[in-house]
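In this note's numbering, the protein residues as written are 665 to 811.
Heads up, the beta-carbon is just placed ideally off N, CA and C, and yes, glycines get one too.
All values derive from a computational prediction rather than experimental measurement.
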Amino acid sequence: MASTTAPVPFPTSDEDALAALQTGVSVLAAKWSLVVLARLASGTHRFNELLRQIDGVSRRMLSATLRQLERDGLVERHVYARVPARVEYELSPVGEHLLVALVPLAGWGLEHQSEVVDARERYDRLQAWRAEGGEITARSASTPRIV
665 MASTTAPVPF PTSDEDALAA LQTGVSVLAA KWSLVVLARL ASGTHRFNEL LRQIDGVSRR
725 MLSATLRQLE RDGLVERHVY ARVPARVEYE LSPVGEHLLV ALVPLAGWGL EHQSEVVDAR
785 ERYDRLQAWR AEGGEITARS ASTPRIV
């Protein structure tokens, strides 16, 4: 039998803590933010290097994501006066701290990945069944139960 640890108390009544958590989550809510931060964890990159490394991202989305991450203070943009201009991106100290803070969340994701996939599959099957006209009927106390 697997043992479970007691959940960590969540600061639901602390408005400042909830606002700070919402800020942190909103930074990561953009589709490409985590991927860009993870790529920059390996060091400084130019725009086209990131574009080649991140499969599926468009130039426009990468540009918008980098601007937002720079605005949030997670990425630093360095422009070198050359012809043509050279622009490089790297994680700021705040961005590095965010990635460190995400390590436990990544561990949770790995630990519970199959459970989440199973739950999604069950939910999707139930939704498909309902869409086909199925109904769930509750058993009453008078319904005999076969054991």
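A contact is defined here as three or more CB-CB pairs under 8 Å, and the segment 692–702 meets this definition with respect to the segment 716–731. In the DSSP assignment, L755 falls within the unbroken beta strand (DSSP E) covering 750–755.
Beta-bridge partners assigned by DSSP to Y787: none are found. With fewer than three CB-CB distances shorter than 8 Å, the segment 679–686 does not count as touching the segment 740–752. With a cutoff of 8 Å on beta-carbon distance, Y753 and V739 are scored as near each other. Looking at G797, R794, D736, L790, the one whose alpha-carbon comes closest to that of V689 is D736. The Cβ-Cβ distance between R724 and E734 does not fall below 8 Å. Scanning its chain for C-beta atoms nearer than 6 Å, with the 5 sequence neighbours on each side dropped, one finds around T708 the residues E752, E754, in chain order.
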